[in-house]
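Note that our numbering has the sequence shown beginning at 1323, numbered continuously upward.
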Amino acid sequence: MTKKLGELLVAEGMVDQMQVELAAGIQEKLAEYKPIGKILVDMKALTEKQLNFVLDHYFKRPLLGQVLIRSGAISQEQLEIGLRQQQEWKLPLGEVLIKLGYLEETAMRKAISTQLDVPLLNLDKATLDNSLVTVMSEGYARKNLVVPLSRKGGAITIAMDDPTNFRLAEELSYFTGQKINVATAVRAAIERAIDRLYQNKDQQGLNEYPELDLRTVDEAPAAVGAQQTEAPPDKKVDSLIQLIIGTALGNRASDIHFESLDRQMLIRYRIDGILQEANLPDLQNDINRRSKELISKVKILGKLDIAEKRRPQDGSFRTRVVEGEETRKIDIRISVVPGYFGENAVLRILDPNNAPRSIDELGFCTEILDSMHSLLERTTGIMLVTGPTGSGKSTTLYGALMTVFKPGIKILTAEDPIEYVYNGITQCEVNEKINNTFANYTRAFLRQDPDIILIGEIRDAETAEMAFRAAQTGHLVLSTMHTNDAVSTITRLLGLGIEPSLINACLAGVLAQRLTRKICPVCKEEYQPSEKTLTELFRTLTPGMKHYQGRKCPECNFRGYKGRFAIGELWVPSETDMLLISKNASFDEIRESSRNSTVPMATDALAKLRAGMTNPDELLRTLPFSSIHDLRRTMSGVFRLGEGIIADEPAASGNLGQYPA
């Protein structure tokens, strides 16, 4: 025998029999029919989530087709045809019936309203609350076809195209910390309401992305060997490019990926080091239709050959960015490669607003900053920054240069490529096709009477030899290498043929670093990481230590993180270290000795963890294993001694703002 809803709710332990009987008594006295489940929710005997679970789990909702037949909107025959066609088209039943011409959307909406017991609203007559633009971004609203309508008594009312999307309602409730009341409306009316709500960019701010003036592209030189081919102008493609790049700038993206797929194009942004799909629902159809034209436009901007589709090409262009009354120029570097479904392009955004003005801006702890300043005051020697690709090494070098830059000193750089341009510094770009290599530039720099030389990367024996020769002859040399930690540079330098005695004489210090995302300060909240995460990171639980995460909000575009900062490890070789290097001691001996002359990455990471800037999940993602091992030893010692950890203790650090890499 089929159980009634009240019996099912009692059986699930969600309400008791007395509450069901009370709700039934209320139902009998109402002038208009109201489902008993809704009455129990109004009585606060049950939550909407619990009611929806039982209705869906036990199939107690009236089916849409039954509601439509009962209301006289369609016939049984039309329903059967619609159900058969639904199997072929793979669309919701309501949309199938509309496409077949059996039903108008208004009638379908009325049926859904009855089926789900949600209000059906006429949004064209609704008054919208402009303050609700902070609840969600315009892109989020358009992608999910949802619009916030009003806020009252700790609850926000929204109109959804698909009111069965309970996950979306729960997500918004979590983001806002408020109850979400769901209504529905005709899709076109929802789209018009979104237009009305977000039409004033000054009011909503979340989508106030900068405008681009692409007419300035002639300021960038053409790529070497490119044979330009003109293409007819297309205003729609120009508009798409401007919106894609403008949205990237508004989201602080460092890279834009145009990826050709089967009959579509995927646009992705790298934001705070994480590659994620761009939220461009209202543009996606145009992007898919014009995927080849978009790639061609990118190639034209970079002065590449649009007819060449079989070989990789590199180029660049400069454009003006207009934000309010401010206008500035940005450089964009382009890489195009052929793929199976078509060409792919990556645009690297080099925004001068992100250029560091000092190492003090990069977020290192005070102990590292003080030592860095001392190293940069030297007039000879070589200082290296190490880490994997994307760890912010170049940005740290730029910050170091700007820290020491002043009238009276000459700075020369060899870079591949030049990322930020500084007046007063001679910057040279590597081009191996014409033999302008790091090594050849460094050789030439020695005849230019420099005080400081920056070499973008030591990647071969010849460059390493020239860098150490420059340091030995009375110059301060700054460069980067790829190693996992600071002391491992010794192995790498020896492998490149640098004599131990030369390393001993010239190596001033090595900074190893990683970039980690910063918890959004607007939606930061305390949370408890899983035991698995804590034991994997610390090998112990952390009693008394507070941890934080971002709840996700419009300020951080619902990511929970906003910006990045550096976590560093600085090794300044001691006399004992140098003696071991000159004696050609084993690497294990040098590493053990270096522990006494290194500010470990674990120290910097723990300072930022205690300050609530990062969390165990993010440290586990970014720290190298050697630093996690150091962190485990540190935490084990702390809790073994019973010292405890105070999470609110301020970190001993400099400006812990956004890292501009």
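Backbone N, C-alpha and C fix where the C-beta goes; we use that ideal spot for every residue, glycine too.
To which residues does DSSP link residue i through a beta bridge?
i, result
"Thr1920", "Trp1893"
"Tyr1883", "Ile1841"
"Lys1651", "Arg1642"
"Met1705", "Leu1800, Gly1831"
"Leu1332", "In the sequence under discussion, the amino acid at residue 1332 is Val, which differs from the Leu named in the question. In the DSSP output, where bridge partners are listed per residue, Val1332 has none listed."
"Leu1697", "Answer by DSSP bridge pairing: none, since Leu1697 is not bridged."
"Asn1753", "Asn1758"
"Tyr1591", "Ile1578, Gln1598"
"Tyr1720", "None; Tyr1720 has no bridge partner."
"Ser1472", "Thr1479"
"Ala1792", "Per DSSP, none; premise fails for Ala1792."
"Ala1505", "Ala1481"
"Ile1671", "Ile1654"
"Gln1635", "Val1658"
"Gln1400", "DSSP lists no partner for Gln1400."
How many Å lie between residue i and residue j at the Cα?
i, j, result
"Leu1390", "Lys1432", "9 Å"
"Gln1409", "Lys1366", "40 Å"
"Glu1426", "Leu1442", "15 Å"
"Ala1933", "Leu1616", "45 Å"
"Met1694", "Ser1801", "14 Å"
"Glu1779", "Asn1573", "29 Å"
"Gly1796", "Ser1618", "50 Å"
"Lys1326", "Val1376", "11 Å"
"Ile1420", "Ala1429", "10 Å"
"Val1752", "Ile1516", "49 Å"
"Leu1985", "Ser1638", "Residue 1985 cannot be examined here, being either before or after the span of the chain that is shown, 1323 to 1983."
"Leu1856", "Pro1946", "16 Å"
"Thr1641", "Ser1561", "14 Å"
"Glu1599", "Ile1889", "27 Å"
"Phe1961", "Thr1920", "The predicted position of Phe1961 is uncertain, since its pLDDT is 47 and thus under 50; a value taken from the coordinates is nonetheless stated next. Whole-angstrom Cα-Cα distance: 23 Å."
"Ser1680", "Tyr1742", "14 Å"
"Gln1339", "Ala1333", "10 Å"
"Thr1702", "Leu1798", "4 Å"
"Arg1670", "Arg1881", "22 Å"
"Val1504", "Ala1491", "8 Å"
"Gly1335", "Ile1348", "21 Å"
"Asn1452", "Arg1473", "11 Å"
When you compare each of the options to residue i by their alpha carbons, which one comes out closest?
i, options, result
"Arg1650", "Met1694, Met1482, Asn1676", "Asn1676"
"Lys1715", "Thr1805, Lys1412, Glu1615", "Thr1805"
"Ala1924", "Thr1944, Met1900, Asn1444, Asp1952", "Asp1952"
"Ser1657", "Phe1663, Val1644, Leu1623", "Leu1623"
"Asp1939", "Ala1515, Phe1909, Glu1853, Arg1633", "Glu1853"
"Gly1416", "Asp1446, Ser1472, Thr1486, Arg1473", "Thr1486"
"Gly1712", "Arg1861, Pro1876, Leu1597, Ala1783", "Leu1597"
"Pro1414", "Leu1386, Phe1860, Ser1823", "Leu1386"
According to the Cβ coordinates, are residue i and residue j closer than 9 Å?
i, j, result
"Thr1506", "Ala1481", "yes"
"Leu1588", "Glu1581", "yes"
"Thr1936", "Asn1918", "no"
"Lys1840", "Arg1873", "no"
"Ile1566", "Ile1609", "yes"
"Thr1864", "Met1957", "yes"
"Gly1831", "Pro1772", "no"
"Lys1614", "Ala1667", "no"
"Leu1734", "Ala1786", "no"
"Pro1660", "Arg1632", "yes"
"Leu1698", "Thr1718", "no"
"Ile1690", "Leu1368", "no"
"Ile1912", "Val1809", "yes"
"Glu1737", "Leu1706", "no"
"Arg1518", "Asp1483", "no"
"Ala1792", "Ile1652", "no"
Please go through the same chain and pick out, in chain order, the residues whose beta-carbon is closer than 7 Å to the beta-carbon of residue i, but skip the five residues on each side of it.
i, result
"Pro1470", "Leu1454, Val1457, Met1458, Ile1478, Ile1480"
"Glu1858", "Leu1942"
"Ala1827", "Gln1794"
"Gly1709", "Lys1715, Ala1834, Gln1835, Arg1836"
"Leu1963", "Caution is warranted here: a pLDDT of 41 is assigned to Leu1963, below 50, making its placement in the model unreliable, and no coordinate value can be reported."
"Ile1593", "Asn1573, Arg1574, Ala1575"
"Tyr1720", "Ala1677, Pro1678, Tyr1742"
"Cys1875", "Phe1497, Cys1842, Val1844, Cys1845"
Output needed for residue i: all residues of its chain with C-beta closer than 8 Å, excluding positions within five of it in sequence on either side, in chain order.
i, result
"Asp1540", "Note that Asp1540 scores a pLDDT of 44, beneath 50, so its modelled location is shaky; the value from the coordinates is reported in the next line. Closer than 8 Å at Cβ, skipping near neighbours: no residue."
"Asn1444", "Ala1507, Ala1511"
In chain order, what residues of the same chain have a beta carbon less than 6 Å from the beta carbon of residue i, not counting five sequence neighbours either side?
i, result
"Glu1329", "none"
"Ala1766", "none"
What I want to know is whether the C-beta of residue i ends up closer than 8 Å to one or more non-hydrogen atoms of the ligand FMN.
i, result
"Ala1789", "With respect to the ligand FMN, the structure shown offers nothing to examine, as it has no ligands at all."
Counting contacts by CB-CB distance shorter than 9 Å, is residue i in contact with chain D?
i, result
"Arg1836", "Included in the structure is just one protein chain, with no chain D present."
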